[in-house]
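> Numbering (mature numbering (1 follows the signal peptide of the UniProt record, and there is no 0)), first residue to last: -25 to -1, 1 to 988. Ideal Cβ placement from N, Cα and C applies to all residues, glycine included.
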Amino acid sequence: PKKWQLGLCVMVKLWPCWLLATAEAATHALHLSANGEVWDFPTEPSKRMVRHETRGPSAYLQQDRQDPDAVQILSNNTDRLEDYLSSLKREAAEANLGIALGLTGPLLCVIALFYMVSQSINQDLVTCTWQLLSGNIALFATVLTFMALKKVWKLLVGDQAEEMALIGDILAFLKFILLLIGVPFLRSKLEASSAAGRWLPALRTTGAYLIGFAGADCFANFLRLEPFSSGAGFYFLGMLLVFGVLSALLALAWRISQYGRPSDAAYEPEREAEQVDAAGFQIGFLMSMWLRFLVTGFLPGSKKEAHPLSSQDLAFLGGALLISMSIFALMMWKVRALADSTERKPIYRRIFRILTESSAMTMAWLLMYWVQWLFWYFHQNADGSHRSGRHAALMSLALSDLAVPKSGAISAGTRSVKRRGALGERAASLSVLALTLRRVATRAVSDSAPVLAAARRAKRRSEFERTKRQSLLDAAAVGLLGALLLYANNGQETAEGWLLGAVFAVLYLILLQQDVTVITVESNPFNLTNPFRILRFLLPFGLVVALGLQHALTVGPEEWWQNVTWQPGVNFTRVVAPSSLLGALLGYVVTSAVLPLRGLAETLPEARQLVKAVPGSLGVALELADAADTSQRVEEVVEDVEVVPVLLITGPRGCGKSTLAQQLMANDHRFQEPEWVATKPCSMGRQRLVSQSDFQALEQTRSLAVSYRPAGDDLEEVEVGLPAMSVLATAQNGACILDVDPPTARYILAYNFEPALSAAFPEKKTELRIVTVWVSMQSLDAIMQRNRRWLESQGLEGELLTDQLKALRSQVTSDMEWALTNGLDFTVLNDGTTAKATEEVLKASQAIVSTALVYAGLMALVFLAKRMGKQVSDFTELCNAFVLQTGFCWEMAIYVGLVDSTTKLRNPNSRRIAAIVWICFLLVMIIPAWFWYILPKAQKAADGKAEGDAAEGSAPKEAAPAAAAVPAAPAATTPATPAAPAAEEAPAPPATPTETKEEAPAAEAPAEEATTS
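1. Candidates ILE152, ARG230, LEU766, ALA477: which alpha carbon is nearest CYS193's?
2. From the DSSP output, read off the bridge partner residues of ASP252.
3. Just curious, the alpha helix (DSSP H) that TYR722 is in, first and last residue?
4. Under the three-state reduction of DSSP, which class applies to THR625: helix, strand or coil?
5. Are THR654 and GLN667 closer than 8 Å when you measure CB to CB?
6. Rounded to the nearest angstrom, what separates ILE322 and ILE302 at their Cα positions?
7. Can you tell me which of LYS320, LEU461, PRO532, LEU560 puts its alpha carbon nearest to the alpha carbon of VAL478?
8. Per DSSP, VAL746 is paired with what?
9. Report yes or no: do three or more beta-carbon pairs, one from the segment 282 to 293 and one from the segment 219 to 228, lie closer than 8 Å?
10. Within the continuous alpha helix (DSSP H) that includes GLN467, where are the two ends?
11. Leaving out the 5 sequence neighbours to the left and right, which residues in its chain are closer than 7 Å to TYR184 when beta-carbon positions are compared?
12. Please name the residue in PHE148, PRO176, TYR344, GLY208 whose C-alpha comes closest to that of GLY190.
13. Alpha carbon to alpha carbon, what distance is there between VAL899 and TRP893?
14. If you measure between the beta carbons of GLU166 and LEU154, is that distance less than 8 Å?
15. In three-state DSSP terms, what is GLN662?
16. Less than 8 Å between the C-beta atoms of VAL491 and THR566, yes or no?
17. Grab me the residues of GLY517's own chain with a C-beta within less than 8 Å of its C-beta, minus the 5 sequence neighbours each way, in chain order.
18. Under a three-way DSSP split, which group does GLN647 fall into?
19. Which partner residues does GLU617 have in the DSSP bridge list?
20. Cβ of ALA720 within 8 Å of Cβ of ALA699?
21. In three-state terms, what does DSSP make of PRO698?
22. Given a cut-off of 8 Å on the beta-carbon distance, is the pair residue 997 and ILE712 in contact?
23. Alpha carbon to alpha carbon, how far is PRO506 from GLU468? Give it in angstroms, no decimals.
24. Is it the case that the Cβ atoms of LEU289 and LEU349 are separated by a distance below 8 Å?
25. Does DSSP put VAL803 in a helix, in a strand, or in coil?
26. How many Å lie between ALA223 and LEU215 at the Cα?
27. I believe ARG761 touches GLY629 by the beta-carbon criterion, under 8 Å. Please report the beta-carbon distance rounded to the nearest angstrom.
28. Helix, strand or coil for VAL564, going by three-state DSSP, please let me know.
29. For ILE712, list the residues DSSP reports as bridge partners.
30. Can you list, in chain order, the residues of its chain with a C-beta nearer than 7 Å to that of PHE670? Leave out the 5 residues immediately preceding and following it.
31. Kindly indicate the opening and closing residues of the alpha helix (DSSP H) around VAL217.
32. Is the segment 759 to 773 touching the segment 722 to 742 in the sense that three or more CB pairs, one from each, lie closer than 8 Å?
33. Using a threshold of 8 Å, state whether the C-beta atoms of VAL251 and ILE329 are closer than that.
34. Would you identify the three-state DSSP class for GLU772, choosing helix, strand or coil?
35. Express the C-alpha separation of GLY293 and TYR344 in angstroms, rounding to a whole number.
36. Answer yes or no: do LEU799 and SER751 have a C-beta to C-beta separation smaller than 8 Å?
Encoded structure:
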């Protein structure tokens, strides 16, 4: 009894290992069926995307069969093909122009920056340019950081984003409160520290952006709630409520910042610079949101109620922009002076500063959105969609142009060319061209390796079917062999237990196979409510029950019942025979483990080489077997066969297969199109008109590889055919190229060219080598969207358009199913770069236009400042508007270009992780350059200008009192500390206490201006 109890305890201890082994078996089966990707397996969502015809027992998806005649008539309706190709050419020409403009814009931007920081005519302009560049990068890094945090939040909440929206809004509000109070507190600590270094100016530059974006995000989410989002009037009321809350929070933050300071301490505007700038940033953003809401009638960012922009919308927003510019001019002329007046109370000075900053930010936001609307208006789709996010990677290339002068050549490759079993358009053309010409030159006979995903899927499915059969055979063999061994060594009872365990293991494998075969999103091997999984879990208990019944039948039911006892700590005993239980458990575990063991053996192909290295008969046998296979392959004689090359290009309608064929024929004259025969003029390429009787004679003698009856130029039915001899005659001069739709390609591939080859080349052995190329797009939706645009451009609308698209979708799914199940040689995924380049480049030009406007504004500001006798750095609010205009536009373009690069990933979490990694990488590349180079440059330029102004003011000794009273103003975003020492160094006569008390506030004004920017 102790031995079998010990064995039973060992088996119980090993039971978790067995559970892990079963989980591994399920995982291996799933990998075999879907190559490790659940979305690659035919699940319920994929049934709604692609439908497959039933083709025998191996079919895994079904579709309703349609009338093949109707499909053929639809697919061969090519009346307007020429118009469609002309539209593609126009798109390509427009794309080339857009790319040229896009490359010129960054170059002009670099030239303008270089000029402004290097010219010696106006040092004030140099200072402002450095400050503008520093502020742009700080704004850029801040926005990217917030975007990365949003991605992290979505990654954490996953599919519960809507349920967790309230928690997210609360956290955003707490983040805003923390920054509103923490940034000024941290700044005061750094000012008190002697080792602040560059950290203090860095915090001054980024602090306002951190607080501003946190508040804008928080309040914008709040105003999207009902009833504020129901109309512009309610939104305005909500905005007033937000302004009240913001005022209370600012008052609280100012009270907290004054904690610990003497009650009679002088007012220092620079201590509140970040909060004031952030308040203006938030108020300006919300005002621009409300004005756009008022103009369009729907909340900005809402996709449900959006409609195409009209010229009236552009005019109204342009009018609001002009009004905001007038208000800002009034603020700068009148209110700004009131904010700088030291005679007024601090609370009024705060209000005047916030009003001035808010007017500048409102003008900047409206200018940015008006330029954006201008591009959207000229390049929006018929349904109002404009893919505003796709500002393309061109702007990120433009940023690299700023850092690497010689990267312009890299920028020229804006159109993405991809070849990973799916080729880009031009790369595919060159690759297919090289492949075909190489075959013509070498006359080699070799099978093309299919690269279609369908071929890989079919291979995986055949591997899955083979694994199912192999696992059952392995289990049966192990069960029988183990039973024989145990019968010889341990007796009949143990062998019977082993055999019974092996039977239950086979049942386990059958259940697992059935579970994987019918896998769906709701039912998979790892779902807790999966009935197959529950049955597999209950199999060991069923094994124990079967062993108990076997033992009862062996010893007799009455005797068995009398021997069943219960002992504390041992539970029921003598239910089964110990040796039978041990044999059954071993049989169950060992037999069901053949599936993962077989997978491990196939995963490690080098195991065969290890066995060959073992001395003895096994290693020698393997070496002899490999040598025999090698010698057999060497002895095979390859007969010299002349290859007749034919390139067959096919794919769904509207995916660019004709464009690819035309490019091939234009780039190399050896590619020729065969001559078709037709009874009337039609839209085919090269054609020869024949009589009706001649055409019927060609059909009856099977001389036509394919024939069909589309509509001719006069809209009457015409008979069109492709003579086999025409294909061979064209191929003799190089390579024949066939541009046909999928139904026509089916007939051509099924046609027997042997009689024509024998007749054309009677004295030598020839073989027709057809290289097939499938031209498609990234998804079925992309194909339908492109065809919808073309049909709409032809004037179709309403029910007629819907019916055409419905029939076309059915045809495209049928064509895709045929391509998936037949394994063509090459796939060209036309991702629309030719048409997309136009839209992306022109939309990206918004950033370039905004930059040009800012530089023009800077030059105008220099002229205005000279006429008014002021410095450019005195206009801090306008400099802030410039920073927002350029920095946010370039950030938006680059960020969206980075996020767009992750759209190829299917899993949303994978896309978020990739976007976070890209953003972090970009921040790591940019922040050090800004912190250690650009920020010190801006600081040095501002300090040099301040020292120059101070020296200029102190040159005449009699002007020293004036210099002490009115110190020079530093640059826009420079730390404000240098102005006060400059004023102190100027020689001045002894001042009375009264005079000193009056002069102190005046020395604080430049500090306020410096930190504001």
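Walking through what the data contain:
1. Here residue 193 corresponds to residue number 218 of the sequence shown, with the count starting at 1. Closest option to CYS193, Cα to Cα, is ILE152.
2. Mapped onto the sequence shown, residue 252 falls at position 277. Looking at the DSSP assignment, ASP252 forms no beta bridge with any residue, so it has no partner.
3. The residue labelled residue 722 in the question sits at position 747 within the sequence shown. Start and end: 717 to 725.
4. For the purposes of this step, residue 625 is identified with residue 650 of the sequence shown, where counting begins at 1. Of the three classes helix, strand and coil, the one that applies to THR625 here is strand, per DSSP.
5. As a first step, residue 654 is located in the sequence shown; it is residue number 679 there, counting from the start. As a first step, residue 667 is located in the sequence shown; it is residue number 692 there, counting from the start. The answer is yes: Cβ separation under 8 Å.
6. Your numbering for residue 322 matches position 347 in the sequence shown. Your numbering for residue 302 matches position 327 in the sequence shown. Distance between the alpha carbons of ILE322 and ILE302: 22 Å.
7. Residue numbering aside, residue 478 sits at position 503 when the sequence shown is read from its first letter. Per the Cα distances, LEU560.
8. As a first step, residue 746 is located in the sequence shown; it is residue number 771 there, counting from the start. Partner(s): LEU622.
9. no
10. Here residue 467 refers to the residue found at position 492 when the sequence shown is read from its first residue. Note, GLN467: alpha helix (DSSP H), 467 to 492.
11. As a first step, residue 184 is located in the sequence shown; it is residue number 209 there, counting from the start. Same-chain partners within the cutoff: ALA113, LEU114, THR117.
12. Position 215 of the sequence shown, counted from the first residue, corresponds to residue 190. Cα-wise, what sits closest to GLY190 is PHE148.
13. In the sequence shown, the residue the question calls residue 893 occupies position 918. In the sequence shown, the residue the question calls residue 899 occupies position 924. Using only the alpha carbons, I get a separation of about 10 Å.
14. In the sequence shown, residue 166 corresponds to position 191, counting from 1. In the sequence shown, residue 154 corresponds to position 179, counting from 1. Result no, Cβ atoms of GLU166 and LEU154 do not sit closer than 8 Å.
15. The residue given as residue 662 occupies position 687 in the sequence shown. Correct three-state label for GLN662: strand.
16. Here residue 491 refers to the residue found at position 516 when the sequence shown is read from its first residue. Here residue 566 refers to the residue found at position 591 when the sequence shown is read from its first residue. No, the Cβ-Cβ distance between VAL491 and THR566 is not below 8 Å.
17. Position 542 of the sequence shown holds residue 517. Result list for GLY517: PHE479, in chain order.
18. Reading the sequence shown from its first residue, position 672 is the one you call residue 647. Correct three-state label for GLN647: strand.
19. The residue you call residue 617 lines up with position 642 of the sequence shown. Beta-bridge pairing links GLU617 to THR741.
20. Indexing the sequence shown from 1 puts residue 720 at position 745. Indexing the sequence shown from 1 puts residue 699 at position 724. No.
21. Against the sequence shown, residue 698 aligns to sequence position 723. Strand.
22. An answer regarding residue 997 cannot be provided, because it is not within the stretch -25 to 988 covered by the chain.
23. For the purposes of this step, residue 468 is taken as the residue at position 493 of the sequence shown. For the purposes of this step, residue 506 is taken as the residue at position 531 of the sequence shown. The straight-line gap from Cα to Cα measures roughly 33 Å.
24. Looking up residue 289 in the sequence shown gives position 314. Looking up residue 349 in the sequence shown gives position 374. Taking 8 Å as the Cβ cut-off, LEU289 and LEU349 qualify as a contacting pair.
25. As a first step, residue 803 is located in the sequence shown; it is residue number 828 there, counting from the start. Strand at VAL803.
26. For the purposes of this step, residue 223 is identified with residue 248 of the sequence shown, where counting begins at 1. For the purposes of this step, residue 215 is identified with residue 240 of the sequence shown, where counting begins at 1. Cα-Cα distance, rounded: 13 Å.
27. Here residue 761 refers to the residue found at position 786 of the sequence shown. Here residue 629 refers to the residue found at position 654 of the sequence shown. With 8 Å as the limit, ARG761 and GLY629 qualify as a contact, their Cβ atoms being about 5 Å apart.
28. Position 589 of the sequence shown, counted from the first residue, corresponds to residue 564. VAL564 falls in the helix class under three-state DSSP.
29. One-based indexing of the sequence shown puts residue 712 at position 737. Partner(s): LEU622.
30. On the sequence shown, position 695 is the one that residue 670 refers to. These residues qualify, in order along the chain: VAL652, THR654, GLU694, GLY696.
31. Position 242 of the sequence shown holds residue 217. Residues 207 to 232.
32. no
33. In the sequence shown, counting from the first residue as 1, residue 251 sits at position 276. In the sequence shown, counting from the first residue as 1, residue 329 sits at position 354. Contact flag set, yes.
34. On the sequence shown, position 797 is the one that residue 772 refers to. GLU772: coil per DSSP, three-state reduction.
35. The sequence position of residue 344 within the sequence shown is 369, counting from 1. The sequence position of residue 293 within the sequence shown is 318, counting from 1. Taking the straight line from one Cα to the other gives about 10 Å.
36. Stepping through the sequence shown from its first residue, residue 799 is reached at position 824. Stepping through the sequence shown from its first residue, residue 751 is reached at position 776. Not in contact: LEU799 and SER751 (Cβ atoms no closer than 8 Å).
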